[in-house]
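Please read the structure below before turning to the comments.
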Amino acid sequence: MGRLVQLEVNNFKSYRGHHVIGPFKQLTAVIGPNGAGKSNIMDAVSFVLGIQSAQLRSTHLRDLIYRGRAMVDDQGREVAGVSAESATSAYVSAVYEDANQNQITFTRTISADSKSEYRVNGKAVRREAYVAYLERENVLVKARNFLVFQGDVESVAAQNPKDLTRLIEQVSGSLDLKDQYETLKQAQDTAMENSTLMFQKRRGMQAELKQYREQKSEAEQYENMRQQRDELVLVQTQWKLFHLERDLERMHDSVHEDQGTLREYEDLHEAIEVQVRTAKQEHAAATKDVVRLDRLVGKEENAVKVHQPVLTQLRQAQTHSTQKVERLATQVEKIDRDLARQEQSLADLRNQIATITRAQQQLDRTASSTDARRQGLAGLQDEYHRLRSQFLLESATLQQQLDSLQLGSKARQDEVARLEAKRVALEQKMEATQEELEQARGKLERASDGLARATDEQAGLAQEMAAIQTRDAQLRAQEQSLNEKLVELTGKLMDYRSDKRESERETKMRQLVDDLKSLFPGVYGRLNELCRPTQRIYDRAVALVLGKHMDAIVTDSQATAMECIRYMREQRKGHATFLPVQDLVTKEIPPRLRSFANARPALDVVQYDKEIEPAVKYACGTALITETLDVARYICYEKGTRVKAVTLDGVTIHKTGSMSGGTAGADQASGASRWEEREVETMKRAHEKIVADLQQLAKERRRQRDRETLQMQLAGVIPQRQYLQTLVAGLEGRIAAKTKELEEMTAERDGFTARLDDLGAEMADARVLDLQEEIRRARDTFFADFCTQAQVATIEEYEQLVLESAVEETKQRNALATQHTKLETQLAYETDQLAKLHERREQALTARANETRNAESNAERITQIEEAVANGEAKVNHLREQLEEFRRTQKDKTQVLHRRKRQQQEVRSSQEALVKKIAQESDTITQLHHHRVTLLRKARVDNIPLTIMAGSLADLVPDLTVQQSQELSQAIVIDYDDLDDDLKEDGSPAIGQDFTDRIHQLTSDMDRIAPNMRALEKLAGVTAKCAETDKEFEKARRDARLAKDRFLSVRQERYTRFMDAFTHISGCIDTIYKELTRSRNFPLGGTAYLSLESEDEPYAEGVKYHAMPPMKRFRDMEQLSGGEKTVAALALLFAIHSYRPSPFFVLDEVDAALDNANVAKVARYVVRHREDVQFIIISLKNSFYERCQGLVGVYRDVDANSSGILTLDLEAFPDE
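Residue numbers (the UniProt record's numbering): 1 to 1216.
Have a look at this one:
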């Protein structure tokens, strides 16, 4: 592999004149101080190897020529104080030795006009040839694989995945294909779009050609279908008219026969009518007796029931009075205890007042004897004051010593006074606290008693409520069971009674709806035919919800409904309910009705077509279907929701709150007709027994204690108990707090007492006593003559008699008077409290006596009312026995009446059935005539070629009445000879449906074909356009295939170049990173790897670089430290360089951000690989360049205003 031997620079940047830099070893370091021109060597290498000036920290080439006005440092900044003449041209030569040890000189010159010239071994060449020479030596100018600028390491560490992709593209050469790739991709997309557009155009032309070809055959097919349809319509009309006339003949014969049978039924009905009247009279008399006695029973029961509220109220009042008497008794005992304490307190106060009075009297006696002697000594006061002043002068020294000792004693006295005041205040506070504590304990005792009574009362009421609820639940269960049986029996009986009548009415209604549907297209049918429940379990409930709307006829509009009503009135078809879909006003179901559990709106369990939705909404309304009766009761009664609720078994709760037993389903009604008479009688007896049992259950439930009254009592007791619980808890907490407070005050008082004792001991100082004794003896000696003259033993006695006794007497007198007044006031207050206690005791005794009388009175009234209730219940039981006897008689009369009515009903039903049959047959005749008129009018309008033997279709004008239309239609005679004999014999609906289906199929086929009669005219032009379009499409497809092949070729080349580089770099980067991070502590080193964001087009997306230093978890590059980023970036640069390595590698201060440990690791790496590639490294770290083979020193020559070069061969110096 080749190597860079040396550089020659002339007037390049900071190098004035000609300089030879080198020779360069396999590992050479460029060193020197900052500003000397080290980085300008890097710029010189970059410049001579073809790097653009914009990448050499210069805007223009002329900026690279030496400027003598000022010295320029490594960063291109002027150095003040140094100047020289400027040059006009510059050049840099690089002497390169290839693998065969042939030297090649590469020279790049800057002329005065800022132009660059390239030479190889002195021969001028173009830049492309110059770069080609370098690339043959694997020095890639575009990829810059031979150098790393200052700051490149930091920029590589901060690169995002896209930037790293671009770096690999530069190294691999795939970036050279980017513009061609983008151009060919755009061309491919354009060609593909054009091909797709031409394909769509071609397909459209072919479809148009095919359409015109099909339309030609469709026109011929359409005409054949039209002829077939007209023939079918003619045969269908003849077939319908023939069978209508045959049906009219049969109907007339049947009417005549039924009228004779009807007259026989009328005679039989008159005979049975007499028997029914007799049975009714007997039944009415028995019923009257039952009603009269039942009313009497109800009256007596009400009389008994009236006593119940009064009895409940009296019992509550008695309980209240008893509890109040107990509370008052407890209150009297408490007042008695308070009276005893109060009287003892008064006795104590009177004793204290007597003691104070005796002390005042003693003070008065002592003061009277002292006043006489004080007056005799008053004349010696001037002499006393003169002697006292003289003594104070003579004893000043001793007095000063005493005063200095007493200063501390004075402070202790103040402290004693302060502590004494605090102790007195604390004791007063303790007395108040003790009193509050006693009051709280009394309140707690009363509250605890009240809480116990309230708890007992609540427990008793709750037990009574539980018993009532249990019994009520039992009664409810029995009632529900009986109601279910009642519903079942009622449904079966109703089915039995209405089986025949419903069957006839159903037949008539179905025929009517069929006629209306055939006459008026806007008639959909009956509601029960148009909708059905989603599941069979909802059949009965949905039927009850729909109710009277089950048989309602649904039409599209009100106009259609009015036409139907007009037809029914003219034909005497009875009446029916109509639901016009377009004119119905419906309400949305409130969302809250969908929130109930086990309940669904009826609308949600019905299936129907969208076109009749308003009719179903109108019929269902907001009704709910519930799974059980309890759910329905909860919704309607407990939640107070005004809504119709129907259970699955048929029980209905209406919006008004009333409940009905429901009706049975159609499947049960159909079987009623097969029951035997005996089974019906058994069901009736069971029905009557269930009704009686339900009435008895209702009475028993009414006789139960009023639950609301009990709930009100319980609702009153619970808050009272909660209040007492809160009060007891509060009082207990207050007592505990006061007790704790009293203990704390006691401890504090004991502390004050102990401190006072200590201060008293301190004040009794021996030195103070000695000085006081010495001063006293000197004073007695000095005042001895004066004391003799005053006839006193000591001078202190004189001062006491004359000066201090009066003041002291006054103080004592005032203190005794104040204390006496205070005690008198306290005595008056306590006396008043005693009177109030006596008054409270009298009031409590009076209230207790009153409540005792009230309790006795209530007990007496309760006994009276209970006796009245017992008598009333006995009378009610007797009346009930009589009522049961009358009911048995009524039952027998009812059975007789029912038998007579059944006989009458059977005859009447047969008679009515026959009348209805005759009417139905008459209606059928009218309907058949109407249908015949409609068919004849339709034949006239549609130009159906019927063969008319008599009459004319033109006579059937639209304004005729129904009667006129029938008369005119009867005059029209049609020839049916052309009608096939098989069609004359078979008039079944299947034949008619077959005609309809065939005509409908032909009409649908004709509508579907809808031929274009101008298809032949356009067919030739479309054929020519289609051929031209085929040619354009083939050309566009060839262009698209060619563009795709070109693009895929360039794409594969770009992919190959990129992946070759990526595979190499990715394969060696981990080894390089481990080598750079390996140490004695971490012999395995770190881990580094590259990953692609896109496997298909890696150059279009990013390349992620992950580096994990030794013993550290995975983190993003941004979270690594500065040194860790630099080492990772160096590993990436070395890996990139190893892909297409240049013979030499120039690095500019790549170790700037590394600490000494990492510098040593990088240095070891470089030393280890210097045999493979030549390293020229600009470095400021001595730990790095001391490992090199040679040094190139750069310094600033101030005198020459130029950078200077020194070289040193380190191989001449052995390692120490």
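Using N, Cα and C, we set each Cβ at its ideal position, and we do this for glycine too. Just so it is clear, the structure is predicted and the values come from calculations on it, not from any experiment.
If residue i and residue j are in contact, beta carbons under 8 Å, what's the gap, nearest whole angstrom?
i	j	result
G122	T109	Going by Cβ atoms, the distance from G122 to T109 rounds to 11 Å, so no, they are not a contact pair.
Going by C-alpha distance, which of the options is nearest residue i?
i	options	result
I1072	E732, V30, P33, L1133	L1133
S111	E479, A623, L64	L64
D1148	G32, G2, H19, Y15	G32
F1033	M205, M42, D113	M205
M1111	V141, F1082, L1120, V941	F1082
Q352	Q826, L897, V915, R1078	Q826
R144	E128, V120, G50	G50
S448	H931, Q725, I1177	Q725
E529	A1128, N598, Q607	Q607
V20	D583, I972, G1193	G1193
Taking the alpha-carbon positions, what's the residue i to residue j distance?
i	j	result
V581	L935	29 Å
H929	Q221	39 Å
A1200	A1152	30 Å
L1042	E182	16 Å
R505	E912	11 Å
T818	Q360	11 Å
T924	L248	8 Å
K1074	E1093	24 Å
R62	T107	17 Å
V616	P590	17 Å
S658	R642	11 Å
E748	A784	51 Å
M745	A462	48 Å
V691	L486	8 Å
I272	K689	30 Å
E563	R572	14 Å
S1091	E208	54 Å
E326	S345	29 Å
E1095	D1007	58 Å
H1064	Y1139	6 Å
Counting C-beta neighbours from all protein chains within 10 Å, is the total for residue i 16 or more, i.e. buried, or is it exposed?
i	result
H575	exposed
L175	buried
T996	exposed
L393	exposed
A552	buried
H252	exposed
E457	buried
M42	buried
L516	buried
T165	buried
F1145	buried
G17	exposed
L1084	exposed
N10	buried
A347	exposed
Y618	buried
K115	exposed
N100	exposed
For residue i, would you say it is in contact with chain D, using Cβ-to-Cβ distances shorter than 8 Å as the test?
i	result
E1028	Protein chains in the displayed structure number just one, and chain D is not present.
Unbroken stretches of the alpha helix (DSSP H), 4 residues or longer, contained in the stretch 800-883: none
Completely contained beta strand (DSSP E) runs for the UniProt domain "SMC hinge" (521-636), where each covers 3 or more residues: 523-526, 531-533, 553-555, 578-580, 599-601, 606-608, 624-626
Minimum length 3: unbroken beta strand (DSSP E) runs contained in the stretch 953-993: none
Inside the stretch 265-336 only - beta strand (DSSP E) runs reaching at least 3 residues: none
Beta strand (DSSP E) runs wholly inside the stretch 1126-1192, at least 3 long, in chain order: 1144-1148, 1174-1178
Beta strand (DSSP E) segments (min. 3 residues) lying fully within the stretch 1023-1100: 1087-1092
Ranges of the beta strand (DSSP E) found wholly within the stretch 194-265, counting only runs of at least 3: none
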